[in-house]
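S.K.: In my numbering, the protein residues as written are 1 to 404. Ideal Cβ placement from N, Cα and C applies to all residues, glycine included. Quick caveat: nothing in here was measured; it's all calculated off a predicted structure.
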Amino acid sequence: MDRPAFSSPPTRDWWWVFDPRHSLRAAAALLFGVGGALFTVLLAWLGGRGLEQTLLRRLGQNFETLAVQVSDKIDRTIYERYRTLQLTAGLAAFRSYEATAADRRRLLAQLQDNSPDFVWLGFVDPQGRIAAATRGHLEGTAAENRAWFRGARETAYAGNVREAAELPAGVIPLEEGETRPHVLDLAVPVADPDGRFAGVLAAQVRWGWARTVQSSIVTEADRRERIGITLYSEGGDVLLDSGSSGWNRPPDLPAVSDRRQFRGHQVEPTALGTTYVTGYSRSRGYREYRGLGWVAAVRQPLDFAFQPVREFRRTVTGWGLAFTLTGMAVAWYFAGFVSQRLRAIQLAADRIHTGDVLAMLPPGHGESELAQMCAALGRLIESLRPRPDDSPEPPLTRPPRSPR
1 MDRPAFSSPP
11 TRDWWWVFDP
21 RHSLRAAAAL
31 LFGVGGALFT
41 VLLAWLGGRG
51 LEQTLLRRLG
61 QNFETLAVQV
71 SDKIDRTIYE
81 RYRTLQLTAG
91 LAAFRSYEAT
101 AADRRRLLAQ
111 LQDNSPDFVW
121 LGFVDPQGRI
131 AAATRGHLEG
141 TAAENRAWFR
151 GARETAYAGN
161 VREAAELPAG
171 VIPLEEGETR
181 PHVLDLAVPV
191 ADPDGRFAGV
201 LAAQVRWGWA
211 RTVQSSIVTE
221 ADRRERIGIT
231 LYSEGGDVLL
241 DSGSSGWNRP
251 PDLPAVSDRR
261 QFRGHQVEPT
271 ALGTTYVTGY
281 SRSRGYREYR
291 GLGWVAAVRQ
301 PLDFAFQPVR
311 EFRRTVTGWG
321 LAFTLTGMAV
331 AWYFAGFVSQ
341 RLRAIQLAAD
351 RIHTGDVLAM
361 LPPGHGESEL
371 AQMCAALGRL
381 IESLRPRPDD
391 SPEPPLTRPP
401 RSPR
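Below you can see the structure in the form of structure tokens.
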């Protein structure tokens, strides 16, 4: 039977080599690319999630520690002022009824010189009249209705921060960002030598010292990272704010489900639309000073806190993309060897099919699966190919029978 003459394979479009349905190289590169892309996405997501949890835990603990330091330092500072008043109240000039207003005024002035944070000091007699004061401010005025006088008749008193409206302008220097001076009221009872109530020693403490405490704990580098401190009263009023977390007004007091919990950290969504990593601490006082229930909160916007996560994901994505593209190029290159060998086998098989007796399959070299397949196919085709010296065998005949 006549065999068709050998003809070259039909010419394909130039882009067939990039079609994974027709090209082994394209299929190998696509397979590696899809696998590399999936691995990169999975690594970036899982690694990012793990880094987020680690950052939240560490930042929360750090911010909680900073908040505890703020609360503790403020409590200790108030205690020091409170203790100074107690020691001063034990002097004879205040316990004795024979002491003059000038003697008391002189001692108050010395105390103010030694502790400039006391912007006003006064001694109030048992009837509630201010008998002596620094620079004579408010002397002779009635104080029986003042909260600090009523509160200090039996025990020491510490009040919340308030505006100092009763002192003349200029007596209290304004702090940065203040329109009116703010003070903290402290007062302690004075007892005569017989232990009877002899009056109240009162002080107004400049509130600006709290900002100094705040600055000593949160550094300028922390402020550049948008880490801010806010101090709240027990009722949620803002007493102090660093203004470094990017808000026009501070968020509300952190919501804590258990009021007995004095410290902690949380991820805090706010009504302002920004979510923060927040550490907080409630004032517990120091020694005899029992504290005012103030809450210190240290915050950082979650977007700033997660900057390392975004950098990690960008890095992983960049390296993953580079690895994937490199792997696709390597897969394309090595798949090309297999593709060329298969192409050579196809061409040789087509020539053998058309009766080309000189055509042979490419020999297999090495121990690879492809080489062994080529060798096995070559042996099979050679065993099936007719040889020129082959002659047909004679037909089988039955031998004749012998007569009986």
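Thr-278 and Arg-249 - do their beta-carbons sit closer together than 9 Å?
M.R.: Along the sequence shown, one-based indexing puts residue 249 at 249. Along the sequence shown, one-based indexing puts residue 278 at 278. No, Cβ-Cβ distance for Arg-249 and Thr-278 is not below 9 Å.
S.K.: Would Arg-21 and Ala-331 be called neighbours here (beta carbons separated by less than 9 Å)?
M.R.: Here residue 21 refers to the residue found at position 21 of the sequence shown. Here residue 331 refers to the residue found at position 331 of the sequence shown. No.
S.K.: Just the C-alpha distance for Arg-81 and Ala-191, rounded to the nearest angstrom, thanks.
M.R.: Against the sequence shown, residue 81 aligns to sequence position 81. Against the sequence shown, residue 191 aligns to sequence position 191. Cα to Cα, the separation comes out at about 19 Å.
S.K.: With respect to the beta strand (DSSP E) encompassing Gln-127, which residues constitute its N-terminal and C-terminal limits?
M.R.: Sequence index remark: in the sequence shown, residue 127 carries index 127 (1-based). Segment: none, Gln-127 is in no beta strand (DSSP E) and carries neither H nor E.
S.K.: Can you tell me where the alpha helix (DSSP H) holding Ile-352 begins and where it ends?
M.R.: Taking the first residue of the sequence shown as 1, we reach residue 352 at position 352. Unbroken alpha helix (DSSP H) run through Ile-352: 307 to 353.
S.K.: Do Thr-134 and Phe-118 have their CB atoms nearer than 9 Å?
M.R.: The residue labelled residue 134 in the question sits at position 134 within the sequence shown. The residue labelled residue 118 in the question sits at position 118 within the sequence shown. Yes, they are a contact pair.
S.K.: According to DSSP, is Met-1 part of a helix, a strand, or is it coil?
M.R.: The count along the sequence shown starts at 1 and reaches residue 1 at position 1. Summary for Met-1: the model assigns pLDDT 47, below 50, so the residue's position carries little reliability; its value from the coordinates is reported in the next sentence. Coil.
S.K.: Please classify Arg-196: is it buried, with 16 or more other beta-carbons within 10 angstroms of its beta-carbon, or exposed?
M.R.: Here residue 196 is taken as the residue at index 196 of the sequence shown, counted from 1. The residue in question, Arg-196, is exposed, as its Cβ has fewer than 16 Cβ neighbours within 10 Å.
S.K.: Identify which residue in His-182, Arg-224, Glu-225 has its Cα closest to the Cα of Trp-209.
M.R.: The count along the sequence shown starts at 1 and reaches residue 209 at position 209. The residue with the shortest Cα to Cα distance from Trp-209 is His-182.
S.K.: Would DSSP call Arg-404 helix, strand or coil?
M.R.: Looking up residue 404 in the sequence shown gives position 404. Unreliable placement is indicated for Arg-404, whose pLDDT of 49 sits below 50; the coordinate value is still reported in the next sentence. Here Arg-404 sits in coil by DSSP.
S.K.: Touching or not, the segment 283 to 293 and the segment 25 to 40, by the rule of three or more beta carbon pairs under 8 Å?
M.R.: Taking 8 Å as the limit for Cβ pairs, the verdict is that the segment 25 to 40 does not touch the segment 283 to 293.
S.K.: Count the other CB atoms within 10 Å of the CB of Asp-185; is the residue buried (16 or more) or exposed (fewer)?
M.R.: Residue numbering aside, residue 185 sits at position 185 when the sequence shown is read from its first letter. Asp-185 is buried by the Cβ-count criterion.
S.K.: Ala-143 and Ile-130: beta carbons closer than 9 Å?
M.R.: The sequence position of residue 143 within the sequence shown is 143, counting from 1. The sequence position of residue 130 within the sequence shown is 130, counting from 1. Taking 9 Å as the Cβ cut-off, Ala-143 and Ile-130 qualify as a contacting pair.
S.K.: So, are the CB atoms of Ala-67 and Tyr-280 less than 9 Å apart?
M.R.: The residue labelled residue 67 in the question sits at position 67 within the sequence shown. The residue labelled residue 280 in the question sits at position 280 within the sequence shown. Yes, the Cβ-Cβ distance between Ala-67 and Tyr-280 is below 9 Å.
S.K.: According to DSSP, is Ile-217 part of a helix, a strand, or is it coil?
M.R.: In the sequence shown, the residue the question calls residue 217 occupies position 217. DSSP places Ile-217 in helix when its eight states are reduced to three.
S.K.: Tell me the residue span of the alpha helix (DSSP H) that contains Asn-71.
M.R.: Numbered from its first residue, the sequence shown carries residue 71 at position 71. Contrary to the premise, residue 71 reads as Ser rather than Asn in this sequence. It spans 24 to 89 - the alpha helix (DSSP H) in which Ser-71 sits, taken as one unbroken run.
S.K.: Which residue marks the beginning of the alpha helix (DSSP H) containing Gly-151, and which one marks its end?
M.R.: Within the sequence shown, numbered from 1, the residue matching residue 151 stands at position 151. First-last of the alpha helix (DSSP H) with Gly-151: 147 to 151.
S.K.: Taking contact to mean 3 or more Cβ pairs, one atom from each stretch, closer than 8 Å, check whether the segment 303 to 316 and the segment 37 to 47 are in contact.
M.R.: With a cut-off of 8 Å, the segment 37 to 47 and the segment 303 to 316 count as touching, because enough Cβ pairs lie within range.
S.K.: Can you find the residues in the same chain that come closer than 6 Å, C-beta to C-beta, to Thr-270, ignoring five residues on each side of it along the sequence?
M.R.: Taking the sequence shown and counting its residues from 1, the one referred to as residue 270 is at position 270. Once the five neighbours on either side are set aside, the close Cβ partners of Thr-270 are Pro-251.
S.K.: Per the DSSP calculation, Ser-115 is bridged to which residue(s)?
M.R.: Translated into positions along the sequence shown, residue 115 becomes position 115. Its beta-bridge partners do not exist; DSSP assigns none.
S.K.: From the DSSP output, in three-state form, read off Phe-94 for me.
M.R.: Position 94 of the sequence shown, counting from 1, holds the residue named residue 94. It is helical.
S.K.: Please name the residue in Gly-336, Arg-95, Leu-167 whose C-alpha comes closest to that of Leu-138.
M.R.: Indexing the sequence shown from 1 puts residue 138 at position 138. Among Gly-336, Arg-95, Leu-167, the Cα nearest to that of Leu-138 is on Leu-167.
S.K.: I need the DSSP call for Ala-297, collapsed to helix, strand or coil.
M.R.: For the purposes of this step, residue 297 is identified with residue 297 of the sequence shown, where counting begins at 1. Strand.
S.K.: Between Glu-154, Leu-85, Gly-128, which lies nearest to Trp-120 when the distance is taken from Cα to Cα?
M.R.: Within the sequence shown, numbered from 1, the residue matching residue 120 stands at position 120. The candidate whose alpha carbon is nearest that of Trp-120 is Leu-85.
S.K.: Could you check which residue in Val-218, Ala-297, Val-188 has the C-alpha nearest to that of Pro-254?
M.R.: Your numbering for residue 254 matches position 254 in the sequence shown. For the residues Val-218, Ala-297, Val-188, the minimum Cα distance to Pro-254 belongs to Ala-297.
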